[in-house]
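Okay, structure first, notes after.
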Amino acid sequence: MSQLDTDRSDWGQEAHPERRRRGPDLGLMVACIVGGLIAALAIAHATDRLTTSVVSGNSMLPYARGGDLLVAKPAPQYVVGDVVILEVPEGEPGAGQLVAHRIVSSESGVIRTQGDNRDTADLWDVRHENVRGKVFKVVPSAGFLKFARQPVVIG
Numbered sequence: 080m081s082q083l084d085t086d087r088s089d090w091g092q093e094a095h096p097e098r099r100r101r102g103p104d105l106g107l108m109v110a111c112i113v114g115g116l117i118a119a120l121a122i123a124h125a126t127d128r129l130t131t132s133v134v135s136g137n138s139m140l141p142y143a144r145g146g147d148l149l150v151a152k153p154a155p156q157y158v159v160g161d162v163v164i165l166e167v168p169e170g171e172p173g174a175g176q177l178v179a180h181r182i183v184s185s186e187s188g189v190i191r192t193q194g195d196n197r198d199t200a201d202l203w204d205v206r207h208e209n210v211r212g213k214v215f216k217v218v219p220s221a222g223f224l225k226f227a228r229q230p231v232v233i234g
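For the sequence shown, the positions run 80 to 234 when the working numbering is used.
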């Protein structure tokens with residue numbers, strides 16, 4: 080028989096089976112998911128269809144915690160019980176800030192909101208045009224994603 084043994088039973092097997100991959104690469108999967116989420120948020124922001132906000136306090140515990148990312152989209156109407164992201168109206172304390180709170184009442188075009196972890200309703204009079212959207216997703220501890228797409232100024 081020649082130097083090349085054609086009758087070997089171990090042909091096609093790896094020389095180092097301990098180096099064999101055992102399933103998908105978890106790091107690659109996480110990177111793809113995070114990258115896809117960042118891209119989706121960037122596209123949604125560019126088309127003004129979604130509003131995102133990072134929770135910075137404890138007013139919405141246990142619904143949302145500090146560092147969570149809230150994702151909201153506009154709705155044709157907002158009802159009692161909805162968690163919304165709103166812009167505090169001009170002339171009110173905190174004007175221009177984005178706040179995520181639950182609607183506790185709505186009468187004559189005025190919406191009242193309150194944090195789940197608060198005893199009293201917010202002070203401001205909110206109208207439909209101040210509401211950016213109804214929260215449909217809370218992404219735990221993902222607030223860093225919102226900042227990942229923003230430029231950093233140094234100096």
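Quick reminder that beta carbons are idealized off the backbone N, C-alpha and C, glycines included.
Measure the beta-carbon distance from V167 to I182 and round it to whole angstroms, keeping in mind my assumption that it falls under 8 Å. V167 to I182, Cβ: 15 Å. No contact.
Nearest-angstrom Cβ-Cβ length linking A179 and S132, presumed shorter than 8 Å: 5 Å
What's the gap between the Cα of P172 and the Cα of D198? 18 Å
Suppose contacts are defined by Cβ-Cβ distances below 8 Å. Is Y157 in contact with K216 by that definition? no
Under the three-state reduction of DSSP, which class applies to V109: helix, strand or coil? helix
Residue from Q176, A154 and V134 whose Cα sits closest to the Cα of R128: A154
Would you give the residue range spanned by the beta strand (DSSP E) that H180 belongs to? L177 to E186
Going by beta carbon distance, what residues of the same chain come within less than 8 Å of M139, once the five residues before and after it are set aside? V162, A179, H180, R181, G194, D195 and N196
Quick check: the Cα distance between L149 and G188, rounded to an integer number of angstroms? 25 Å
What does the alpha-carbon distance come out to for the pair G115 and H207? 32 Å
Write down the C-beta distance between A200 and R211 rounded to the nearest angstrom, noting that I regard them as a contact closer than 8 Å. Contact doesn't hold; Cβ gap of about 19 Å is too wide.
Count the other C-beta atoms from every protein chain shown that fall within 10 angstroms of the C-beta of L202, then say buried if there are 16 or more, exposed otherwise. exposed
Collapsed DSSP secondary structure at L165 in the structure displayed: Of the three classes helix, strand and coil, the one that applies to L165 here is strand, per DSSP.
Where L149 falls: helix, strand or coil (DSSP): strand
Determine whether the Cβ of G175 lies closer than 8 Å to any Cβ atom of chain C. Protein chains in the displayed structure number just one, and chain C is not present.
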